[in-house]
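S.K.: Start counting the sequence shown at 1289; every next residue gets the next number (our numbering).
From the three backbone atoms N, C-alpha and C, an ideal C-beta is built for every residue, glycine too.
Here the structure is a predicted model, which is why all the values come from computation and not from measurement.
Before I ask anything, here is the structure I am working with.
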Amino acid sequence: MYRFMLSARWIGFAIFVVLLAAVCTRLGLWQMHKLEHRLDRNDVITAHFKKNPVELTKALPPGEKVDGTTEWTRVTATGTYDVEHEVTVKFTTRDGAPGADVVTPLVLPSGDAVLVDRGWMSTDNNVARPDVPAPPSGEVTVEGWLRQNNGAGPGAVKPVDGQVRAVSSKGMADFVPYDLADGYVNLQKQTPPASGDLEAEPEPELGQGPHFFYALQWWFFALLAVVGYFWFARAEAKERRNPTRIDGFAAAKDRTPVS
């Protein structure tokens, strides 16, 4: 009854369905992996936000890298802003509006420095470099979140005319006359406060995101492919069992003249 499924056409159909179901299943697992990664990230952020800020060099000793366990640590640092080596990060948005982040090195008493993302400003990104609010002069104490370098390529993180497309201490290393701490600090507050109009980075979203429902979607597509295969096979078998089915032999017999 189902011997037709051994034909080349149906074998090819079966291979296609298996591959489709496997790909959809894998994509569902990938979404679940992303969900797991996001939940782990949320746990790290929540744990850091419950703690009091720590001095930068204690959270990140010189020479160490910011990793997944130290990112989002609340840190403080005291130093002097170096506006001569300040850059703007082009093409950043807030609520769909175009703008740029302002990143200024903070030179520490040791002579080393850390990049500080002082905040976001609205700009159309059409000018060579927008006029940005000046930071406080003299010694300043900042508090913010420790962040990892952006993983963008060299063309995005190396300054061109005082502008970059992503923040990275590695990209800035050759453009400043001092050693930079790894990563950067997302400024939340500082003493004395700045007089300019820069928006601080909002707190990170701690929701689960759409990953679980995306996984269910992919698994539904996998199930649909398998069920659809057997539905078509059953329909084909039913058609072949139908005595009124006209195949080539029956059609030829009907065309034979009666003597």
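Between the region 1481-1489 and the region 1409-1424, do at least 3 Cβ pairs fall closer than 8 Å?
M.R.: At 8 Å Cβ cutoff, the stretches touch.
S.K.: Closer than 8 Å by C-beta to Val1363: which residues in its own chain qualify, once you throw out the five before and the five after it? Chain order, please.
M.R.: Once the five neighbours on either side are set aside, the close Cβ partners of Val1363 are Pro1341, Val1342, Glu1343, Leu1344, Ala1347, Leu1348, Glu1431, Gly1432, Trp1433, Leu1434, Val1473.
S.K.: Go ahead and pull the three-state DSSP assignment for Thr1411.
M.R.: Note: Thr1411 maps to coil in three-state DSSP.
S.K.: Rounded to whole angstroms, what's the CA-CA distance from Thr1380 to Trp1506? Just pull it up for me.
M.R.: Cα-Cα distance, rounded: 32 Å.
S.K.: Considering only the alpha carbon of each residue, which of Leu1396, Thr1376, Arg1291 lies closest to Gly1387?
M.R.: Closest option to Gly1387, Cα to Cα, is Thr1376.
S.K.: List the residues that DSSP assigns as beta-bridge partners of Asn1474.
M.R.: Per DSSP, Asp1405, Trp1433.
S.K.: For a test of the three-state rule: what should DSSP assign to Ala1385, helix, strand or coil?
M.R.: Three-state result, Ala1385: strand.
S.K.: In whole angstroms, what is the alpha-carbon distance linking Thr1358 and Thr1411?
M.R.: Rounded to the nearest angstrom, the two C-alpha atoms are 32 Å apart.
S.K.: Can you name, in chain order, every residue of its own chain whose Cβ lies under 6 Å from the Cβ of Phe1509, other than the five neighbours on each side?
M.R.: Within the same chain, Phe1509 has close Cβ partners Cys1312.
S.K.: Exposed or buried, what is Ala1469 when buried is set at 16 or more other beta-carbons lying within 10 Å of its beta-carbon?
M.R.: Result: buried.
S.K.: What residues are listed by DSSP as bridge partners for Pro1393?
M.R.: DSSP, once it has assigned bridges, lists Leu1403 as partnering Pro1393.
S.K.: Between the Cα of Gly1495 and those of Thr1334, Arg1297, Leu1307, spot the shortest distance and give me the residue it belongs to.
M.R.: Gly1495 has its Cα closest to that of Thr1334, out of Thr1334, Arg1297, Leu1307.
S.K.: Buried or exposed, going by whether 16 or more other CB atoms sit within 10 Å of the CB of Thr1392?
M.R.: Flag for Thr1392 reads buried.
S.K.: Beta strand (DSSP E) containing Gly1351: first to last residue?
M.R.: Element bounds for Gly1351: n/a, residue is neither H nor E.
S.K.: Of the choices Val1332, Trp1298, Lys1446, Ala1454, whose alpha-carbon is the least far from that of Asp1462?
M.R.: The candidate whose alpha carbon is nearest that of Asp1462 is Lys1446.
S.K.: Give the straight-line distance between the Cα atoms of Leu1403 and Val1514, rounded to the nearest whole angstrom.
M.R.: Computed Cα separation, rounded: 54 Å.
S.K.: Suppose the cutoff is 6 Å on Cβ atoms and the five residues either side in sequence are ignored; what does the same chain contact list for Ser1456 look like?
M.R.: Cβ neighbours of Ser1456 beyond the five flanking positions: Asn1437, Asn1438, Val1445.
S.K.: Going along the chain, which residues of its own chain have a beta-carbon closer than 7 Å to the beta-carbon of Ala1488, five neighbours each way excluded?
M.R.: Gly1407, Leu1475, Gln1476.
S.K.: Along the beta strand (DSSP E) that carries Thr1366, what are the first and last residues, could you check?
M.R.: Note, Thr1366: beta strand (DSSP E), 1362-1369.
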